[in-house]
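Everything below concerns the one structure shown next.
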Amino acid sequence: MEFLVGHYNYWVVVFLMMLGFYVVISRTHMVKVLVGLSVFQTSVFIFYISLGKIRGGTAPILIDGPAVYSNPLTSVLILTAIVVSIATTALGLALVVRINEAYGTVDEEEIDAIERADEAAVLEAR
Amino acid sequence: MTEFVDVALLALLAVTGLALLKLRNLFAVVILSGIYSLLSAGLFVTMDAPDVAFTESAVGLGVSTVLMLGALALVGHEEKKPTRPRVLPLAVVILTGAILLYGMADVPPFGDPNNPIHQHVTPRYLEEMPEEIEVPNVVSAVLASYRSYDTMGETTVIFAAGVGVLLLLAGRRRRGQDEEEPGE
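Quick mapping for you: the protein sequence lines, in order, are chains A and B. So the first sequence is numbered by our numbering: it starts at 143 and just counts up by one. So the second sequence is numbered by our numbering: it starts at 3 and just counts up by one.
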């Protein structure tokens with residue numbers, strides 16, 4: 143029981159991670175896929191910050207007198223990761239807008255259908 | 003009390019995530035992903051990472067929601083019902099999740115000060131930093147001084163992404179004009 147409670151954060155992190163993963167591989171609207179990717183990324187952030195937390199500790203900002211500080215290194219890593227995640231999201235959204243322009247849709251299945259129709263037309267023309 | 007907030011926020015995150023999976027209106031999905039970021043920012047505050055909470059609420063809740071809404075305005079916001087069966091993705095996700103849960107069981111318990119992560123490197127930063135950097139915030143000191151090359155690399159990533167976005171969208175404006183001109 144103590145094991146289950148002590149790892150509560152990590153169980154939820156795995157759930158959220160798999161939720162994001164499922165959205166990425168099962169949904170066809172590309173913006174929704176990017177939302178799923180950001181859910182996945184945020185769950186990784188929560189995992190790292192959970193690792194750095196010390197029970198009864200305080201934020202790693204130095205104060206006078208004795209204090210227990212939570213781990214600052216996980217925060218540093220995740221600050222970098224958050225900024226990189228917005229870069230990937232922005233680039234992904236720009237690609238989505240460009241795909242929408244080329245195909246008139248951002249639904250993966252419709253794009254598949256258009257591609258197959260194009261291929262068939264090329265084969266017929268030969 | 004902190005434990006209660008922690009449990010409640012994580013439960014809310016899970017509920018938000020499920021709603022996000024189910025909804026088909028993409029505007030609602032994007033707003034829910036903003037709420038998801040806000041909840042996780044609150045969680046970061048309870049886990050002693052205020053810097054991360056600031057960044058997450060500014061970037062995850064602010065910038066990325068605005069970008070996604072902007073993209074939705076251009077590409078349309080109704081998700082169609084998928085025709086493919088979803089058994090394979092579900093199986094992949096359950097298998098991966100099971101492996102991750104198995105791995106997570108070996109992670110040391112949450113919040114224990116004796117965890118290996120707190121034994122190495124960190125004490126050195128906490129002890130030597132007041133003399134070396136003279137900034138009270140350890141996170142800023144590590145980010146901008148000890149590991150500033152990493153931060154410079156991060157800036158390069160942002161720059162590359164910015165250039166990529168500009169290249170992708172600049173063509174869009176030009177083509178738009180070309181298409182309009184013959185009609186005029």
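Virtual Cβ for every residue (Gly too), placed ideally from N, Cα, C.
Starting from Ile196(A), follow its DSSP beta bridges and name the residues at the other end.
Here the question's residue 196(A) lines up with position 54 in the first sequence. Gly113(B), per the DSSP bridge assignment.
If the cut is a Cβ gap below 9 Å, which residues of chain B does Ser211(A) touch?
By one-based count along the first sequence, residue 211(A) stands at place 69. Here the sequence assigns Tyr to residue 211(A), which means Ser is not the residue at that position. Near Tyr211(A) (Cβ distances below 9 Å), the residues of chain B are Asp50, Thr124, Leu128 and Val140.
Are the C-beta of Ile160(B) and some C-beta of chain A separated by less than 8 Å?
Sequence index remark: in the second sequence, residue 160(B) carries index 158 (1-based). Yes, because at least one Cβ of chain A sits closer than 8 Å to the Cβ of Ile160(B).
Based on the DSSP output, what are the partners of Asp249(A) in its beta bridges?
On the first sequence, position 107 is the one that residue 249(A) refers to. Asp249(A) pairs with His171(A).
Throw me the rounded Cβ distance for the Thr216(A) and Lys82(B) pair, which I believe falls under 8 Å.
By one-based count along the first sequence, residue 216(A) stands at place 74. By one-based count along the second sequence, residue 82(B) stands at place 80. With a Cβ gap of about 40 Å, Thr216(A) and Lys82(B) do not count as contacting.
Can you name the start and end residues of the alpha helix (DSSP H) that Val123(B) belongs to?
Here residue 123(B) corresponds to residue number 121 of the second sequence, with the count starting at 1. Element bounds for Val123(B): n/a, residue is neither H nor E.
Closest by CA to Met143(A), which one among Ala107(B), Pro125(B) and Val140(B)?
Walking along the first sequence from the start, residue 143(A) turns up at place 1. The shortest C-alpha separation from Met143(A) is found at Ala107(B).
Let's see if you can read the secondary structure: which residues bound the alpha helix (DSSP H) around Val94(B)?
As a position in the second sequence, residue 94(B) is number 92, starting the count at 1. Taken as a continuous stretch (DSSP letters only), the alpha helix (DSSP H) holding Val94(B) covers Val89 to Met106.
How should Met154(B) be labelled, buried or exposed, when 16 other C-beta atoms within 10 angstroms of its C-beta is the threshold for buried?
Within the second sequence, residue 154(B) is the residue found at index 152, counting from 1. Exposed, because fewer than 16 other Cβ atoms sit within 10 Å of the Cβ of Met154(B).
Which value, in whole angstroms, describes the spacing of the CA atoms of Val7(B) and Val159(B)?
Along the second sequence, read from residue 1 onward, the residue named residue 7(B) stands at position 5. Along the second sequence, read from residue 1 onward, the residue named residue 159(B) stands at position 157. Their Cα atoms are separated by approximately 35 Å.
For chain A, is any of its Cβ atoms less than 8 Å away from the one on Val119(B)?
As a position in the second sequence, residue 119(B) is number 117, starting the count at 1. Reading off the sequence, residue 119(B) comes out as Ile, not Val. Interface residue, yes.
My output table needs one value for Ile135(B): the three-state DSSP class, helix, strand or coil.
Translated into positions along the second sequence, residue 135(B) becomes position 133. Residue state, collapsed to three classes: coil.
With a 10 Å radius around its C-beta and 16 neighbouring C-beta atoms as the bar for buried, classify Pro214(A) as buried or exposed.
Your numbering for residue 214(A) matches position 72 in the first sequence. Buried.
What residues from chain A crowd round Gly99(B), counting only those whose CB sits closer than 7 Å?
By 1-based counting over the second sequence, the position of residue 99(B) is 97. Within 7 Å Cβ-Cβ: Val156 and Met160.
Do you know whose CA, among Leu219(A), Leu233(A), Arg197(A) and Ile220(A), lies nearest Ala209(A)'s CA?
Position 67 of the first sequence, counted from the first residue, corresponds to residue 209(A). When each option's Cα is compared against that of Ala209(A), the closest is Arg197(A).
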